[in-house]
């Protein structure tokens, strides 16, 4: 299995490298993804006095917020929160991306609201002069650099922390992604 994944990764990197070498220099490479943050505590290891039992409060809630995010090759990033992961939020997010990155090579996964919705297809077709879409391979999250942003965020924001209200939780998630700089090397994920 490991050999298969390494071979597949080399193949994907080779295809991406070849594709990017043929693109105009005025287009910026970005990777996009979204992640669901559930209003609850992510339990992780904590320090405790020997012999004592640490207690971590939990909400048991199923309320959530969805963060759409993009990291670009120049180190800039764009994060927005939405109530749902759906085509409405995605279209709104794409409009924000076009304002921030007028010419974009957009790498993203094959989520249903990215590929199947007619409105999204029309929007991408209409803006194909400024957004060139590349798809990450199915079932291969290691190729998507945004996964690192989500893992860090969930550890930093949710790790053994209890929020008194959903609004406090949303504010913590929004503030984290508004202020945190990830400095990801996109080409490490896409081409090496």
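Numbering (the numbering used here), first residue to last: 1143 to 1334.
C-beta atoms are modelled at their ideal positions from N, C-alpha and C, and glycine is treated no differently.
### Message
Looking at the strands, I want to know which residues DSSP matches up with residue 1173.
### Response
Walking along the chain shown from the start, residue 1173 turns up at place 31. Looking at the DSSP assignment, residue 1173 forms a beta bridge with 1213 and 1249.
### Task
Report back the beta-carbon spacing between residue 1174 and residue 1233 to the nearest angstrom; my notes put them in contact at under 8 angstroms.
By one-based count along the chain shown, residue 1174 stands at place 32. By one-based count along the chain shown, residue 1233 stands at place 91. Incorrect: roughly 13 angstroms between the Cβ atoms, too far for contact.
### Task
Would you decide whether residue 1177 is buried or exposed? Buried here means 16 or more other CB atoms lie within 10 Å of its CB.
As a first step, residue 1177 is located in the chain shown; it is residue number 35 there, counting from the start. The residue is buried, with at least 16 neighbouring Cβ atoms inside 10 Å.
### Message
For residue 1323, report the span of its alpha helix (DSSP H) as first-last.
### Response
In the chain shown, the residue the question calls residue 1323 occupies position 181. Counting along the chain, residue 1323 falls outside any alpha helix (DSSP H), and DSSP gives it neither H nor E.
### Query
According to DSSP, is residue 1230 helix, strand or coil?
Taking the first residue of the chain shown as 1, we reach residue 1230 at position 88. Three-state DSSP puts residue 1230 in a helix.
### Query
When burial is assigned at 16 or more other CB atoms within 10 Å of the CB, is residue 1292 buried or exposed?
Here residue 1292 corresponds to residue number 150 of the chain shown, with the count starting at 1. Flag for residue 1292 reads buried.
### Query
Excluding sequence positions up to five away, which residues of its chain have a Cβ less than 7 angstroms from the Cβ of residue 1217?
Position 75 of the chain shown, counted from the start, is the residue given in the question as residue 1217. Residues of the same chain with a CB within less than 7 angstroms of the CB of residue 1217, apart from the 5 flanking positions on each side, are 1325 in chain order.
### Query
Count the other CB atoms within 10 Å of the CB of residue 1321; is the residue buried (16 or more) or exposed (fewer)?
Mapped onto the chain shown, residue 1321 falls at position 179. Residue 1321 comes out exposed.
### Assumed close pair residue 1227, residue 1208 - CB separation to whole angstroms, cut-off 8 angstroms
Residue 1227 sits at position 85 when you count from the first residue of the chain shown. Residue 1208 sits at position 66 when you count from the first residue of the chain shown. Indeed, because the Cβ distance is near 5 angstroms, the residues count as touching under 8 angstroms.
### Query
If you run the structure through DSSP and keep just helix, strand and coil, what is residue 1224?
Numbered from 1 along the chain shown, position 82 holds the residue referred to as residue 1224. In the structure shown, residue 1224 sits in a strand (DSSP, three-state: E or B).
### Message
Here's a check: name, in chain order, each residue in its chain whose Cβ is nearer than 6 angstroms to the Cβ of residue 1256, leaving out the five neighbours to either side.
### Response
Position 114 of the chain shown, counted from the start, is the residue given in the question as residue 1256. So the list reads 1250, once near-sequence residues are dropped.
### Query
On the three-state DSSP scale, how would you describe residue 1301?
Walking along the chain shown from the start, residue 1301 turns up at place 159. Residue 1301: strand per DSSP, three-state reduction.
### Query
Who pairs with residue 1180 in a beta bridge, going by DSSP?
Walking along the chain shown from the start, residue 1180 turns up at place 38. Residue pairing by DSSP puts residue 1180 in a beta bridge opposite 1206.
### Query
So, are the CB atoms of residue 1171 and residue 1300 less than 8 angstroms apart?
For the purposes of this step, residue 1171 is identified with residue 29 of the chain shown, where counting begins at 1. For the purposes of this step, residue 1300 is identified with residue 158 of the chain shown, where counting begins at 1. Not a contact, by the Cβ cut-off of 8 angstroms.
#### Entry: DSSP state of residue 1267 mapped onto helix, strand, coil
Your numbering for residue 1267 matches position 125 in the chain shown. Residue state, collapsed to three classes: helix.
### Message
Using C-beta distances below 7 angstroms, list every residue in its chain close to residue 1244, excluding the 5 sequence neighbours before and after it, in chain order.
### Response
Residue 1244 sits at position 102 when you count from the first residue of the chain shown. For residue 1244, where only same-chain residues beyond five positions count, the Cβ hits under 7 angstroms are 1272.
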